[in-house]
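J.: The listed protein sequences derive, respectively, from chains G, Z, X, P, V and R. Just so you know, we're using our numbering here: the first sequence kicks off at 852 and counts up by one. Just so you know, we're using our numbering here: the second sequence kicks off at 852 and counts up by one. Just so you know, we're using our numbering here: the third sequence kicks off at 852 and counts up by one. Just so you know, we're using our numbering here: the fourth sequence kicks off at 852 and counts up by one. Just so you know, we're using our numbering here: the fifth sequence kicks off at 852 and counts up by one. Just so you know, we're using our numbering here: the sixth sequence kicks off at 852 and counts up by one. For every residue, glycine included, the Cβ atom is placed at its ideal position computed from N, Cα and C.
Protein chains: 6
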Amino acid sequence: MKSLSTVETHILKRKIEQFLEEDIRYGDITSTLLENLEVSAKILSKSNGIVCGIQEARIMCDICGVQILFSLNDGDNIQKGLEIMHLSGKLHDLLIMERTLLNIMMRMSSIATTTNEYVKLINQSKNTVKIAATRKTTPGFRLFEKRAVLVGGKGYSDTHRWSLDDMVLIKDTHIAASNRTIPDLVAFAKSQTSFSKKIEIEVQTAKIAILAARSGVDILMFDNMKPSIIKSTIQKIVTELGNQRIPIFEASGNITLENVSEYIESGVDVISTSQITFHPEKSIDISLEIMD
Amino acid sequence: MKSLSTVETHILKRKIEQFLEEDIRYGDITSTLLENLEVSAKILSKSNGIVCGIQEARIMCDICGVQILFSLNDGDNIQKGLEIMHLSGKLHDLLIMERTLLNIMMRMSSIATTTNEYVKLINQSKNTVKIAATRKTTPGFRLFEKRAVLVGGKGYSDTHRWSLDDMVLIKDTHIAASNRTIPDLVAFAKSQTSFSKKIEIEVQTAKIAILAARSGVDILMFDNMKPSIIKSTIQKIVTELGNQRIPIFEASGNITLENVSEYIESGVDVISTSQITFHPEKSIDISLEIMD
Amino acid sequence: MKSLSTVETHILKRKIEQFLEEDIRYGDITSTLLENLEVSAKILSKSNGIVCGIQEARIMCDICGVQILFSLNDGDNIQKGLEIMHLSGKLHDLLIMERTLLNIMMRMSSIATTTNEYVKLINQSKNTVKIAATRKTTPGFRLFEKRAVLVGGKGYSDTHRWSLDDMVLIKDTHIAASNRTIPDLVAFAKSQTSFSKKIEIEVQTAKIAILAARSGVDILMFDNMKPSIIKSTIQKIVTELGNQRIPIFEASGNITLENVSEYIESGVDVISTSQITFHPEKSIDISLEIMD
Amino acid sequence: MKSLSTVETHILKRKIEQFLEEDIRYGDITSTLLENLEVSAKILSKSNGIVCGIQEARIMCDICGVQILFSLNDGDNIQKGLEIMHLSGKLHDLLIMERTLLNIMMRMSSIATTTNEYVKLINQSKNTVKIAATRKTTPGFRLFEKRAVLVGGKGYSDTHRWSLDDMVLIKDTHIAASNRTIPDLVAFAKSQTSFSKKIEIEVQTAKIAILAARSGVDILMFDNMKPSIIKSTIQKIVTELGNQRIPIFEASGNITLENVSEYIESGVDVISTSQITFHPEKSIDISLEIMD
Amino acid sequence: MKSLSTVETHILKRKIEQFLEEDIRYGDITSTLLENLEVSAKILSKSNGIVCGIQEARIMCDICGVQILFSLNDGDNIQKGLEIMHLSGKLHDLLIMERTLLNIMMRMSSIATTTNEYVKLINQSKNTVKIAATRKTTPGFRLFEKRAVLVGGKGYSDTHRWSLDDMVLIKDTHIAASNRTIPDLVAFAKSQTSFSKKIEIEVQTAKIAILAARSGVDILMFDNMKPSIIKSTIQKIVTELGNQRIPIFEASGNITLENVSEYIESGVDVISTSQITFHPEKSIDISLEIMD
Amino acid sequence: MKSLSTVETHILKRKIEQFLEEDIRYGDITSTLLENLEVSAKILSKSNGIVCGIQEARIMCDICGVQILFSLNDGDNIQKGLEIMHLSGKLHDLLIMERTLLNIMMRMSSIATTTNEYVKLINQSKNTVKIAATRKTTPGFRLFEKRAVLVGGKGYSDTHRWSLDDMVLIKDTHIAASNRTIPDLVAFAKSQTSFSKKIEIEVQTAKIAILAARSGVDILMFDNMKPSIIKSTIQKIVTELGNQRIPIFEASGNITLENVSEYIESGVDVISTSQITFHPEKSIDISLEIMD
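Laid out in C-alpha cells, this is it:
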C-alpha cells in the first residue's frame, strides 16, 4: 500500500470528521468533569493479526490535536499485548476520539486480518491468485473496508468494483432479461460501453463459460461452480483459445477459509468473497489505555 | 417499535440517498444495456431469524420509484426461503438499488437476530433484564445498528448511549484521572451536569460498587465482574439502601450468547454487549430475485 | 465552563464559517476600496454585564487570519467602556468579520447577562437552585444560546434538553392523549424508554404532582403553579416519600426576573424560563473600533 | 409581500429541514409513547400584533405530513386568543414540529409587529418614509428576520443590505483608513465598483454631508445626528443641488419607537434601526393546542 | 442514450438545485414586480445542430413547478427557429429558471453538436471509430459535459475517463519518472492494479508503440503522432501480434474538425479530443420566449 | 484586482476542494505506480494573453501540499513558452492536481484574455467605457468566470449582476407582462424595491429610451440597437435631462470583438457581452511539465 497523496488525506479527513461528529454531538459530558491534563496513551492489541486503520488514526489525531510518539504501520503484524501506537495530548482530546478510533481500527484490522488468512493459503500454494472483495460492504463505510482489503492482502488482494460504474458485470439476471444469446450480448455490451471499461460475465456452467470466452469478454466469473469443474472448463478454454486470448478467470460464491484452497488450485486468477468485508471471519480487538 | 413520524422518515431518507450514491456514482453501466422492462422482484430470506431494515427498504423504494406489493414488517420472524417483500417496477430501478438494499437489510437483520437470541434466553428465565448495545458500532452506520437492536429486542432491548452527550458514564480511566474519592466524584458530577442527564459509574469490585451506590449514582455498571460477585454485591446494596434508593444495575464486559445466562440470573437490570452490533453472532443472508 | 476539546472547536468552526458566509457572499465591496493596512482593533463593551462569545471570537479570528493581543474570558464581568479584546491584523480581515462577530457576542452576552441576573437573586437567597433554559431558542442558533446560559450561570445554570431525544418530558398534551392514569403512564414510559434517559412529568395541580411523585418519575415539573402551592406540594411529597426517594423539582411557566424570587424560595431544584434565551431581559451592546 | 416562486419555496424548505433536525436528532422519545392518533390542532395567538411565519409553517407542515384546514396570511392582524392556523394530522407529526414551528413564528411575528409599530407612526404623519432593518441579525436566521421586516412593514419597510456585497457603504472607519478627501473617496468608489451597485456614505456632520452629496453618492446616511440638524442639512442640500440630483437620505443610530417620530419629520427617506430585528421591542407569544 | 433510472434522476436533481441557487440567492427582485399570471413559454433554437439538456430541463421544470406541454428529446436535430419545448406555468416560476435553463441547454447542445460534427465525418468514411472526450472539462460541470458528448455522438462517442480512478493511463511523465523499461512498467502496472481496470499507455513513437503492444497493454494511445505513422505502426503491430491479441488503438493530441478525417482513416478505434468539451467548435444559441 | 481577505480565501478553498474531488474520487491509480519522489514542475503558457487563476492555483497548492517557488500574478501578460509558475513537491501531489489546475487556469485565462481584447480597443479610443459580463456563465463556475472578467479588464471591466437579487432589470418580457406604461412601471419598481438596489430598464427603441430616462431609472440598457441610434438617443436624453440627471447607459446584444468599436464610440458607459464568459473568443492553452 502506497501512502495517500496530500489531497487524498484531505478528502479522507472530512469523512473522519463526520464519524467523530456522530459520536460527539454536543460534547463528551463525562470528560469535562476532569482536569484537562497532559497525558499519554497506548493503543494496545488484544488479538493476533494484521493492523489496519493507522492512516485513519493519524488523521484523527491531527483533527483532535493529539501527538503520535510511536506508531506501527498499516499492514504490520500484531500480537496480543503489542503496543500499536503511543499517543500524547490533552486528556479530553484523547478520550473524545477513543471510541471512534477503536471502532475504525478494529473493523479495518478484522478485515485486513481475514484477508491475510486467505493470502497465507495462497502463499502456501504455488499459484498466483488474488483475493478480491465484493460490493457487499457496510453502507457509508465502503472506502475503509476496501482499503483494509488492500492492506491485509499485501499485494495479493483486489478491491474489485468500488461502485456500479466501475465495470460491466453481466449476471444471470441480466442475461435472462436481455433476450440475447451470450455472443450477441457480449458484442452489444462492447459496442455500448466506453472502451475504458472492462466487461465481465458471470456463468454457472462450463458450456456457457466457453461460449462467453469465445465472445471475447475481459473477465469470466465462475459463480457457485465446483473447483473441479472450474478447472476443467479453464483447460478447455485455454486449449481452444490459446494463451494470449483467454480472459481473466474469477471464482465467486460461498467461498470461505474452509474451502478456498480448492479454488486456489482450480486455475483461476481471482477469488472473490464477501466474507472478508461483511462478516470478517477473524475479529481483532484493540484498546486504548491512558497512562499516568 | 413504533413507526417513524413523517419528518423522521424524511431525515432518514437523506442518509439512505447517500448510501445509494456511494454505490452508484455515475450510474449502473450494466443495467443500461437492457431494455427497461416493467418487472417484479422477490426479496427472499436465505436464513432463519428476525427481519430488519424493512422501513429503510420502504424509503429506498420510494427514492427509486419502486412499488411494494407485499412486505413483512420489521421484527417479523423469517425462515430460509420465505418471501420478505414483493416489489414491482422498472428493471433498472430494481437493479440499481439491489446491492445497497441487501447490504442494509442483511446487516440490520443480523443484528436484530443476534439481539433476539439474547432475548430468547431472557424469556426462558423469569427475570426482566434488558439487552443493551454499546457505542461499538460501524462509523456512519450507528443509527441503523441501534435501530436494529430495538427491532430485534421486541421490548427487551435498549440502545444505551447514542453518543457521548447522552449520559455521564464514569469509567476507571475517569476515576483514576480525577484525583477524587468515589463519593466526591459522584457529587461533583451531579453538581456539574444538567439535571436532565443520568450519571452512571463503572466499577470492577464489590467494594467500589457499594461506595458508588451509596453516593447516589443513577446507574451502576459491573464491568468484567463474575456473575456470582455481581449477585452478592447487588444483595448487599439492596440490603443497605432499601428497594427504593437503589440504582439501576448494568453488567458489561465480554458477555456473549455462551455466558449471558449467568448474567441474566445475577439480578442486573441491563446487560450490555458489543457482540450484537459489532460482530453479530448470527448472520442473515438475503437475496433479490427478478421475476419474469 | 471548561474549555472545549480540540475536535469540538473544530466542529464549532464549521458552524461559524457558515455564519460568516451568510454575511459575506461574494465579498465586502466596501473594504476592498481601502489599502489593506496592518491595523489593530478594540472590541469595546457599551453595557454592563457578563461577556460571552469569546471562544467563538477566537475561532473567528483564526478563520479570518486575525491575531488576538488581549482578551477577556467567557463569563468575565464587563462595564461600559471596558476593552473586551484587542485584535491585530489586516484591515480587510477585521472589517469583514466585524458584523458577524458582534452579532454573536452581543446575543450571547445578552443571554449570559440575563442568566446571571437570575443567578444573583439565587445567590442572595440561601437556596441552591439552578436556572435552566428551555427549547425556546432561535432556530439554527441553539448551540450558542445554550452555551451562553452555561457561561452566564457560573455553575447555577442548566441547559435543559438540547433536543427532543434528550429526555422524556410528559406534558399535559401527552397525558390527555394517552388514555392512561398517571401511574400507568409513568410505568409505561419507564418500560419503553432507554434506561439511560430520565423521565419528567409536567403537572398543574398538587394532586397530580403527588400521584406522579409516587409513580417514581425522575423529575417533576410544576407548570404555571403558584410558588406557595409548589412549596406546600413539595412538603407533602417529602413527608410521604422521604428524602431519598423524592424526584428533582422544577418550576416553569412565565417566570421572569420580577417574580423569580418567590420561586427560588419555593423549594424547587430547578427553575426554567425561556426569558433568558428568547427575549433576554438584559441587552448588551458591543462595538469594534479600528485603531490607527 | 408577494408569495414565493416554487423554487424559492424549495430552497426555503431545506433551511427549515435543518431547523427541524436541530430539535429532533434521533427522535421525539416522548411522543412515541402515545398512540399515533389522527388529531387536529389550533395555533393560537397569545398577544396582539402582526402574524408572520405562515409561509414557513406551510412548508413545515408539508415536510411533516400535516394538513392545513385554515390559516391566516402573513401580515394579518392578530389578537390574544385568535386562531392563526387549524391543522390536522397524526399526533406525532404535530408534536414533533411544535417547538420549531412556534420558535419561528414567535420570532418572526415579534419582528413583524415591532416593524409595524414604526409604520403606524409613519402613517400618522404625512411623510413617506421607510423603516429599514440593518445587518444586526441572529447568525443563520437573517433570511427569516429580514422577511419578517418586509411582512410587518406592509410596503413601508426595507431589508437594507442582505450581505456585504449588496452595496458600498462607506463608514467613518473607511473614511479614516482611506487617506482621501470625501470627494476623492466617492469618485474612487464609483470607478472601482460595478455600475450595478449603489454607493452610500455615512456622515456625522452637516459639513461632511454636504460635501458627500455634492460628490454624487447615491445614498447619504446621517449617523447619530439630531433630527433638527438632519432637517436643516437636507434643506441646504436640496437648495444647492436641486430636486433632481439629491441623494436618498437615511437616518440611523439609536432610533427607537420613543424617538422615531422626530426622525420621521426630519425629511429623510429611510430610517434604519436594529431594534426591529435584534431585540424586537414587541414580543408575540403563540401556542399550539392539540384538540380531541 | 438510455433514459436515467429514477434514483439517478434524483441525484441529478440535487446538482441542478445548486445551479439554480447560484443564480437566485435571495430571489428574483424583478419578477416579483409583476402579477404572477399563468402563462406559456417557448424554448426556441436560434442555431442548427443537436439539442441536449432536455433531461436536465425536465428536472428543472419539476423543481420549479412548470409543466411541459411539448418537448423534443435529447439528441434531436434542431434548426434555427424550431421550438424545442413548450412550457406552461406561473410567470415567476418560468422567469426564475430561464437563465440557468438556457445556460445548461446552450452549453450541452454546443458540445453535442460539435461531437456530432465529428461523427458525421466518421459516418462519411467506412470506418468504425469512436470520438472520445477527455478530462479537459469545466470544473463542477463534467457530468453534464460528458453526458452531452454521449448524446451528440449517437453511438459513436465515448466519455473516456470520468476521473483519475477510472483507468491506468501511463503518460510520458509517468514513464520518465518510473525508471523502468516499457515492458517492466506495464507488467508492474498489471500486478499492482485491480483486475477490473484497464491499462492504457501513451506513446510518441512507433518503436515505443510496438514495445508497449507486445507488453500486453489494453489500450495504446498515439499521442501527437502523424496519421500516416499511426497507420503504419498499427499495421506492424497487427502483423506481429495477430488480430486477437492487439490492443485498442487511440489517437490523441491537437485533433480538430479540420484534421480529424486523416485520423479516421488511420485505423484507430478511438479518437479523443478536448475540443468537443472545452471550447466546442460549434456554438448553439437558444432563447426562451414568454407567450401571452 | 485587490487580493482576497483571509476568510474569502477560506470560502474559495472549499469550492476548489469540490473540483478536485470531482476528478479524484477514489484516487489516481496511475501515479501510485511510481515512487513518490520530490520533484519540481513548471506551468508553461502555450499561448499569448493574460494569465488568470493564479490565486486559485495558490489555494490548490495549499490543499495539495505543493510549494510555489515562483509565480506570476493574476492579470500578468503571458507569451507562448513563458513560465507561469514553478512548483515543488511530491510527484503524486503534483500529478493529482494537474488536470483540475489546468482546467481552471485555462478557462479563466481565456476569459481574462478575451476581456482584455475588448479593453485594448477601449484604450485605443478616447472613451471611458467598461466591458461587462452577463449571467450567461457555466452553471457552478460563475464565481470564477466573473472574477476572470475583472482580472482581464484591469479596471475597465465589470461583473454586472452576480445573481437575480443584485438589481432590478426590467426586460421586454416584464414590460409586456406588466400592463403598465413605462413611467408607471418604473415608479412602481422604485416603490417596491429596496432603496439599496438600482433599477435598470432594457429598451429597443429611442422613443421608449427617452420615456424611461425621464422616469428616473438608474440604468438604461440599449438592447440590440444600432450604435448610431444609441448615439443619437443619448444625445437627446442629455439635452433634455441635463448632465446631472442622466442614467448610466449600457449597450447589449450580439456585441463581439468585430463590432464593439462602434459601440465604444456610441457614448455608452457600459458594454455588456456574454462572449467573454460563455464562448471566449480567445483561447489560452497551458501545460504542466514535471522536471527531473
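For the stretch 941-968 of chain X, list every residue whose C-beta sits within 8 Å of some C-beta in chain R, in sequence order.
T.: Residues K941, H943, D944, I947, M948.
J.: Note down, in chain order, every chain P residue with its Cβ under 8 Å from the Cβ of Z:E868.
T.: Near Z:E868 there are no residues of chain P at all, since even the closest Cβ is about 13 Å away, more than 8 Å.
J.: Along the chain, where does the alpha helix (DSSP H) that runs through G:S1029 open and close?
T.: Where G:S1029 is concerned, the enclosing alpha helix (DSSP H) stretches over 1023-1029.
J.: Answer with buried or exposed for R:A1211, where buried requires no fewer than 16 other C-beta atoms within 10 angstroms of its C-beta.
T.: An answer regarding residue 1211 of chain R cannot be provided, because it is not within the stretch 852 to 1143 covered by chain R.
J.: Could you give the distance in angstroms between the alpha-carbon of G:K1196 and the alpha-carbon of G:I1021?
T.: For chain G, the structure presents residues 852 to 1143; residue 1196 of chain G sits outside this window and is missing.
J.: Taking C-alpha atoms, which residue in R:H943, R:K1048, R:M959 lies nearest to R:S882?
T.: Among R:H943, R:K1048, R:M959, the Cα nearest to that of R:S882 is on R:H943.
J.: Between V:M956 and V:V917, is the Cβ-Cβ spacing less than 9 Å?
T.: Their beta carbons are not under 9 Å apart, which means V:M956 does not touch V:V917 by this criterion.
J.: Exposed or buried, G:D1035, counting other C-beta atoms within 10 Å across all chains shown (16 or more means buried)?
T.: Exposed, because fewer than 16 other Cβ atoms sit within 10 Å of the Cβ of G:D1035.
J.: Please classify G:T1128 as buried or exposed, where buried requires at least 16 other C-beta atoms within 10 Å of its C-beta.
T.: Buried, since its Cβ has 16 or more Cβ neighbours within 10 Å.
J.: Per DSSP, what kind of secondary structure is Z:S1083 in: helix, strand or coil?
T.: Three-state result, Z:S1083: helix.
J.: Please give the ranges of any alpha helix (DSSP H) in the stretch 1059-1108 of chain V, keeping only runs that are unbroken, at least 4 residues long and fully inside the region.
T.: 1078-1092, all fully within the stretch 1059-1108 of chain V.
J.: Does V:A963 pass the burial test, meaning 16 or more other C-beta atoms within 10 Å, or should it be called exposed?
T.: V:A963 is buried by the Cβ-count criterion.
J.: Along chain R, in chain order, which residues have C-beta atoms closer than 7 Å to that of X:G916?
T.: The answer, in chain order, is T857.
J.: Hey, how far is the Cα of G:D925 from the Cα of P:M1018?
T.: Distance between the alpha carbons of G:D925 and P:M1018: 54 Å.
J.: Under 8 Å between beta-carbons, which chain X residues line up against P:P1098? List them in chain order, please.
T.: Correct list: empty, because the minimum Cβ distance to chain X is about 17 Å.
J.: Give a yes or no on whether 9 Å exceeds the smallest Cβ distance from V:H861 to chain R.
T.: For V:H861, the answer is no, since every Cβ of chain R falls outside 9 Å of its Cβ.
J.: Is the Cβ of P:S1045 closer than 9 Å to any Cβ of chain V?
T.: Closer than 9 Å: no.
J.: Is the CB of V:L994 under 9 Å away from at least one CB in chain Z?
T.: Closer than 9 Å to some Cβ of chain Z, the Cβ of V:L994 qualifies, so yes.
J.: Along chain V, in chain order, which residues have C-beta atoms closer than 9 Å to that of G:T1010?
T.: Near G:T1010 (Cβ distances below 9 Å), the residues of chain V are S1045, S1047.
J.: I want to see whether chain P comes within less than 9 Å of X:D925, judged by CB atoms only; does it?
T.: Judged by the 9 Å Cβ criterion, X:D925 is not in contact with chain P.
J.: Enumerate in chain order the residues of its own chain whose CB-to-CB distance from P:K897 is below 7 Å, with the five nearest sequence positions on each side excluded.
T.: Contacts found: K931, D1136, I1137, S1138.
J.: Along chain V, which residues have their Cβ under 7 Å away from the Cβ of Z:L871?
T.: Residues of chain V passing the Cβ test: V858.
J.: Against Z:V1019, what residues of chain G qualify as contacts under a CB-to-CB distance less than 8 Å, listed in chain order?
T.: Near Z:V1019 (Cβ distances below 8 Å), the residues of chain G are I880, T881, L884.
J.: I'd like to know if P:I875 contacts chain Z, where contact means its C-beta is closer than 9 Å to some C-beta of that chain.
T.: Interface residue, yes.
J.: Strictly under 9 Å for the Cβ-Cβ distance: is V:I1070 near chain G by that measure?
T.: True, the Cβ-Cβ gap to chain G drops below 9 Å.
J.: Under a three-way DSSP split, which group does G:I880 fall into?
T.: Three-state result, G:I880: coil.
J.: Look at the alpha carbon of X:A1028 and the alpha carbon of X:T1056, and state the distance between them as a whole number of angstroms.
T.: Straight-line Cα distance between these residues: approximately 18 Å.
J.: Can you tell me which of the three DSSP states G:Q918 falls into?
T.: It is a strand residue.
J.: Taking the straight line between their C-alpha atoms, what separation do you get for Z:I901 and Z:E859?
T.: Roughly 23 Å between the two C-alpha positions.
J.: What first and last residue would you give for the beta strand (DSSP E) that runs through R:S1123?
T.: From DSSP, the beta strand (DSSP E) with R:S1123 extends over 1121-1123.
J.: Starting from the beta carbon of G:T897, find every residue of chain V whose beta carbon is closer than 9 Å, and list them in chain order.
T.: It is worth fixing the name first, because residue 897 of chain G is Lys in this sequence and not Thr. The premise fails here: G:K897 is roughly 33 Å from chain V at the closest Cβ pair, so nothing lies under 9 Å.
J.: Are the stretch 969-983 of chain P and the stretch 1112-1126 of chain P touching, with three or more C-beta to C-beta distances below 8 Å?
T.: The stretch 969-983 of chain P is in contact with the stretch 1112-1126 of chain P.
J.: Tell me where the alpha helix (DSSP H) around V:L863 begins and ends.
T.: Start and end: 857-875.
J.: Can you grab the Cα-Cα spacing for the pair P:Q843 / P:M959, in whole Å?
T.: Residue coverage of chain P in this structure runs from 852 to 1143, which leaves residue 843 of chain P outside it and unanswerable.
J.: How many Å lie between P:V996 and P:T988 at the Cα?
T.: The amino acid occupying residue 996 of chain P in the given sequence is Glu; Val does not appear at that position. Straight-line Cα distance between these residues: approximately 7 Å.
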